[in-house]
Amino acid sequence: MFEIFGIPSQALFGQLLIGLINGSFYALLSLGLAVIFGMLNIINFAHGAQYMMGAFAAYLLLQYLGLNYWVALIIVPVLIGATGIVVERLFLQYVRKLDHVYGLILTFGLALMIEGFFRNYFGSSGEPYQVPNLLLGGQNLGFMYLPTYRAWVIVFSAIVCFATWFAIERTRLGSYLRAATENPALVRAFGINVPRMVMLTYGFGVALAALAGVMAAPIYNVSPQMGSDIIIVVFAVVVIGGMGSILGAILTGFALGIIEGLTKVFFPEASNTVIFVIMAIVLLVRPAGLFGRTA
Amino acid sequence: MRVVAGLVIALGALLTGAAQAQSPIPVKIGVLTDMSSLYADDTGPGSVAAAELAIQDFDPAAHNMKVDLVSADHQNKADVGASIARQWYDVDHVDMIVDVPNSAVALAVSDVTREKNKVFLVSGAASSDLTGPKCSPNTIHWTYDTWMLAHGTGKAIVQTGGKTWFFITADYAFGHALERDTTAVVVANGGKVVGHVNVPLNTQDFSSYLLQAQASKAQIIGLANAGGDTINSIKQGAEFGIVKGGQHFAGLLVFIPDVQALGLQAAQGLIDTEPFYWDMNAGTRAWTKRWQVKRPGKFPSEIQAGVYSATLHYLKAVAALKSAADGKAVVAEMKKIPTDDPLFGKGLVRADGRTIHPAYLFQVKSPAESKYPGDDYILKATIPADQAFRPMSEDNCPLVNASK
């Protein structure tokens, strides 16, 4: 077994893969944020809370209705996406046209309220959620033991990310969406219901967060603060990728997962700061982010 | 008319005088804790409930005392904790602060307390430095500490064959103290530490660290962390086949709410040292029932029980002195009278500020062994009070050296 910088290659390959898995979550979450920011101009600070709601919804469905992981994977994004639509109708449609700060503060407040609500009912230690039977166990890859569930996470999130990118950048519906962000008045003149489209886009962004929540439930502890732990990192990912850039969010998500994974081997104490250091450097060199267009 | 007015004034003066003579001794207690993050279920609102029960059981009116209770969230930040403590002591007239999980915050609050000559009763924090090099005449460390954990759990595991260790350590005062104390025990009993990794507090994903532990081939993976960090380590360890691969976890600090959150399926077999378990005897069960009125569906942790016991003992000392004003005097009084309550039994507070009581070695039950909710532990061994905690001769506490 050869060594790289004093670290056995076995450990290094393992860490790269682990980084890719964490990157999948960053990519899924930052994708939702990028879609919402790109189309609605809202900095959705409630995204972490919506991710947490997704995980809790999966737990509650299993606990009280006996609905398993696979059902939750379909139902939960719809349910939580619907709550997103309610939020958009009640609040966001009014602050959308104002300065970013209003949307940010509103969604941040919402996030705190949602988290407080869940903490009050479920406490902070969280609830157990098992890996679905079909995905139990794992494979010995020679350089590491890869749990089947983690492999599923990489594959599934890559598919979701690609599908979303394709829908927005390469389909007719996506082109309406992008046009509506550029010039809503003109798009309306063509007979397209822009407010409804915006509403559904927010719902979709929230559904992506909820989907990530369901996928996280068997790995991380389903706890009220799981969202606030990850959201700050995800925001950094979005900023590095370039606000509103779909492709940027996806690629940066995976890349930063890997960088963070490597930090955990070479200098673990810095693993929760490395992403912010990169963010600071990127902002200095390219203020619009790696993939962002300068306005 | 003048006479009447004079009489009224005289009467008024008399009445106030009488009222002053009988005015109860004011005592204000602050529960400074983690209300919202990874330690909130082990401490938090449950600690507040325990302090309320202590005040109720003490019956302040019968001792001509008036006891108020306040609480706050320190957010696991030493600076936030210290500034709340300052505000409480300077502005809000708080006499005693209790609980304070997170050793970094507790060490900061201990300094503020000493400066203001108030009282600090630690139940939540674990670092044995609080009664070692950082001991203070204003601080008492109540429930447990890292030395107790290391010598309870650590020793038991090394003696049953777990000779090589890898530590996953929470990267702050507590984790470092726990790793240091456990390493000493492992080495003293013929074991060896083959590696360690420092992990930032409140980490979600432990897979990277678990892989490093796996690669080390150590027999035992020592978890020098607590709360949500321990839960995530064990949960993800199961996923990566740690136990199936022949390695074992040593949860050096496990609380019953953590076991509940993990579920017995994932937690079974864990060895754990605690001075309190809700299902120990009739006294602890009766107390738990009363506590559960305030915290339905939950089970009290050793920390929460410690908050009850410490608060009760404090109030007894204040009643004996008839004043809570001089913090050092109150702590001295607390060291003078023996401790006695239904949760920890009889014990004492040593000169270095360490409370002494027995500790128990438990093992987490399997789902089949558990008969009712909260039936989580099997008692494996009892560590007598005089062996459960670090002897004062090894303390390096300046207070003890000064009194020699």
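First to last, the protein sequences are chains R and Z. Numbering (my numbering) for the first sequence: 2 to 296. Numbering (my numbering) for the second sequence: 0 to 403. Beta carbons: idealized from backbone N, C-alpha and C, even for Gly.
Among the bridge pairs identified by DSSP, Gly-29 (chain Z) is matched with Z:Val-69, Z:Ile-96. Near chain R, meaning a CB-to-CB distance below 8 Å, the residues of the stretch 228–239 of chain Z are Ile-230, Asn-231, Lys-234, Gln-235, Glu-238, Phe-239. Per the DSSP secondary-structure output, Glu-128 (chain R) pairs in a beta bridge with R:Val-223.
Among the CB atoms of chain R, one or more fall inside 7 Å of the CB of Asp-170 (chain Z). The C-beta of Gln-362 (chain Z) comes no closer than 7 Å to any C-beta of chain R. In its own chain, leaving out the 5 sequence neighbours on each side, no residue places its CB closer than 6 Å to the CB of Gly-110 (chain R).
Annotation: Ile-382 (chain Z) to Leu-66 (chain R) spans about 45 Å, alpha carbon to alpha carbon. With its beta carbon less than 7 Å from one in chain R, Ala-260 (chain Z) belongs to the interface. When DSSP reads this structure, Trp-164 (chain Z) sits in a beta bridge with Z:Val-192, Z:Ile-219. Counted as a single uninterrupted DSSP element, the alpha helix (DSSP H) harbouring Thr-84 (chain R) occupies residues 70–88. Taking a Cβ-Cβ threshold of 7 Å, the residues of chain R close to Asp-40 (chain Z) are Gly-124, Ser-125, Ser-126, in chain order.
Bounds of the beta strand (DSSP E) holding Glu-273 (chain Z) are 270–273. At least 7 Å separates the beta-carbon of Val-275 (chain R) from that of Leu-30 (chain R). For Trp-164 (chain Z), the closest of Z:Val-258, Z:Gln-213, Z:Ala-124 by C-alpha to C-alpha distance is Z:Gln-213.
For Ser-365 (chain Z), the CB contacts under 7 Å within the same chain, skipping 5 residues up- and downstream, are Leu-263, Gln-267 in chain order. Secondary structure note for Gln-158 (chain Z): its alpha helix (DSSP H) is the uninterrupted segment 154–158.
Residues of chain R whose Cβ lies closer than 8 Å to the Cβ of Ala-265 (chain Z) are, in chain order, Pro-129. Nearest Cα to Val-66 (chain Z) within the set Z:His-92, Z:Asp-78, Z:Asn-224: Z:His-92. Selection Z:Gln-86, Z:Ser-102, Z:Gly-326, Z:His-356 evaluated against Ala-176 (chain Z) yields Z:Ser-102 as nearest (Cα-Cα). In the DSSP annotation of this structure, Lys-293 (chain Z) is not part of any beta strand (DSSP E); the continuous alpha helix (DSSP H) holding it starts and ends at 281–293. When C-beta distances to chain R are compared with 8 Å, the residues of the stretch 281–311 of chain Z below that value are Lys-297, in chain order. The beta-bridge partner set that DSSP reports for Leu-147 (chain R) consists of R:Gln-140. Taking C-beta atoms as the reference points, Ala-48 (chain Z) and Trp-290 (chain Z) count as a pair closer than 7 Å. For Asp-340 (chain Z), the enclosing beta strand (DSSP E) starts and ends at 338–340.
Using a Cβ distance threshold of 7 Å, Pro-256 (chain Z) and Ala-358 (chain Z) do not count as a contacting pair. With 16 or more other CB atoms across the displayed protein chains lying within 10 angstroms of its CB, Asp-180 (chain Z) is buried.
In the structure shown, the three-state DSSP call for Arg-197 (chain R) is helix.
Assignment of beta-bridge partners to Gln-94 (chain R) by DSSP yields no partner. Annotation: the continuous beta strand (DSSP E) that includes Leu-120 (chain Z) extends over 118–121.
DSSP places Thr-138 (chain Z) within a strand segment (E or B) once states are collapsed to three.
With its beta carbon at least 7 Å from every one in chain R, Asp-78 (chain Z) lies outside the interface. Distances from the alpha-carbon of Val-102 (chain R) to those of R:Gly-124, R:Ile-155, R:Val-132, R:Ile-43 put R:Ile-43 closest. According to the DSSP assignment, Gly-344 (chain Z) belongs to the beta strand (DSSP E) that extends over 344–348. Of all C-beta pairs linking the stretch 131–139 of chain R to the stretch 239–255 of chain R, fewer than three are shorter than 8 Å, placing the two stretches out of contact. Gln-64 (chain R) has a beta carbon lying at 7 Å or more from every beta carbon in chain Z. DSSP places His-247 (chain Z) inside the beta strand (DSSP E), whose first and last residues are 247–250.
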